[in-house]
Structure formats: structure tokens, C-alpha cells
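Each residue of the sequence shown is one higher than the last, beginning at 378 in my numbering.
These notes are about the structure you will find just below.
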Amino acid sequence: MLPVLGQPAAERSDAARNRQALLAVAQTIVASSGVAALSMDGLAAQAGVGVGTVYRRFKDRAGLAYALLDHGERRFQEEFLFGSPPLGPGAPPIARIRAFLHAYIDRLDTQAELHLFAECHAPTARFRSGAYQTHRAHLALLLTQARPDISANYLADALLALLGAGLFLHQRRELHLTTNQMKAGLDQLLNCLDAATEPNATRTLDAERH
378 MLPVLGQPAA
388 ERSDAARNRQ
398 ALLAVAQTIV
408 ASSGVAALSM
418 DGLAAQAGVG
428 VGTVYRRFKD
438 RAGLAYALLD
448 HGERRFQEEF
458 LFGSPPLGPG
468 APPIARIRAF
478 LHAYIDRLDT
488 QAELHLFAEC
498 HAPTARFRSG
508 AYQTHRAHLA
518 LLLTQARPDI
528 SANYLADALL
538 ALLGAGLFLH
548 QRRELHLTTN
558 QMKAGLDQLL
568 NCLDAATEPN
578 ATRTLDAERH
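Dropping the structure here:
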């Protein structure tokens, strides 16, 4: 298996089996009662283990949620790092960014509740995850390739902020936007980035600090 970039090294085989057994119970809880019913104590009780075992495996509820998301994340990373263009290598940078954002929207459309569960447990839980760090580095690299004049790291964070689960659910449920409308809005932002830079018209954030 491809390890999720930024995550700890592979576990021992027995520890991995125990972890997978706990995740199987957690998936059953989510399937039967929803994400809100998922708790460390509840998982321990249903799995027949001590709650300390659950905390050692996942640290907190956010860690548990990200572990449940891990399989899809591994597949997603394989696609944007090594897959076919435009999501994978071989397409122009802006086209790859567009494909990444569209694919992320599609993932949220089926997993937003679980993403929100993970993101809301702690204010910075999402940003500390290995998955987020990989997404950020990937976008920053593509942004640098497309527009060397901009602050790529900041704009990578800005683009990922638009893919937060809370905002996605608000747009879907309260604003009644379709995923196609969300993708079209992201495309409009990328069209601005893709526009030719006029000489001396753009300054980076670093330059503005001086």
C-alpha cells in the first residue's frame, strides 16, 4: 500500500490487525447510527477493549475520523501524484489544480460528514493532518510552476480553505448549490490565476511586508 504522505511509519502486523478491527467496528457505528454517534468510549465498548487502547491507536476523535478516511485518501493521493492527466502528471499546472479541486469536491459529496467530524474536533486538526500537508505541498508546487510571481504556500491554503467540509455542507444544504456550481466557481478563481501577469502589476505577499 502507498503510505499517506506525512503519516507515521507502518505498524507491526498485529497492531495493524487490531487497528483494522477497531476501524471495522467504527464503520459499523457510522453506517448504523451516523457520524455523530461515533465516540472513543462507544467504540471501546462495542469493540470489547479498554478505552485506553482506542486512544493509543487514534489519539482522539479527529484521529479516528481521519483513519476512517484513510483508504479513500490513499487512493486519491495515488491518482494525483502518479495517475493519468489531468489529475496526474502530464497536464499543465492549472489544469492539474483544476482537476484536483474538482476531485476533492466529488470526495466531499460522499464523505463531508466524516470530514466535518474530523475537522471540528480541534481548531487546527485538519491542518495538522498528513493528508492536508500533502495536499498543500502539491498545490503549492503546481502554483509555483504556473505563477512564480505569487505566494504559492498562502494561496494553496486559500484554495484548500474553500474545500472545508463545513463550507461545503453550508453551500449544499443551505445555499442549495450543486457540485457543478461549486466547480464552476473554483474554475473562475483559477481563470484569474491563469491570466497573464502584466509587468510590475503583481507583488508577492513577501514583497508587501517590506
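All C-beta atoms in this analysis are idealised placements derived from N, C-alpha and C, irrespective of residue type, glycine included.
Local conformation of residue i per DSSP, three classes
i	result
residue 572	coil
residue 501	coil
residue 554	coil
residue 468	coil
residue 425	coil
residue 507	helix
residue 560	helix
residue 526	coil
residue 411	coil
residue 437	coil
residue 460	coil
residue 540	coil
residue 395	helix
residue 494	helix
Cβ-based neighbour list, residue i, same chain, cut-off 8 Å, excluding 5 preceding and 5 following
i	result
residue 567	471, 474, 475, 478
residue 608	One cannot answer for residue 608 here, as it falls past the ends of the chain, which runs 378 to 587.
residue 405	423
residue 415	403, 406, 407, 438, 441, 442, 494
residue 419	406
residue 425	none
Residue-level contact to chain D via CB, residue i, 9 Å cutoff
i	result
residue 487	Looking for chain D here will not work: only one protein chain is present.
Beta-carbon proximity of residue i to residue j, cut-off 9 Å
i	j	result
residue 445	residue 491	yes
residue 434	residue 458	no
residue 489	residue 513	no
residue 428	residue 439	no
residue 442	residue 402	no
residue 555	residue 483	no
Contact set for residue i: own chain, Cβ-Cβ below 6 Å, skip 5 residues either direction
i	result
residue 503	496, 509
residue 521	529
residue 577	With a pLDDT of only 41 at residue 577, under 50, the local geometry of the prediction cannot be trusted, and no value is derived from it.
residue 486	556
Cβ shell of residue i (< 7 Å), same chain only, five flanking positions each side left out
i	result
residue 559	482, 548
residue 501	none
Inset, instruction - Pair every Cβ in the stretch 541 to 550 with every Cβ in the stretch 493 to 500, then say whether three or more of these pairs are closer than 8 Å. - result: Yes: the two stretches touch, three or more of their Cβ pairs being nearer than 8 Å.
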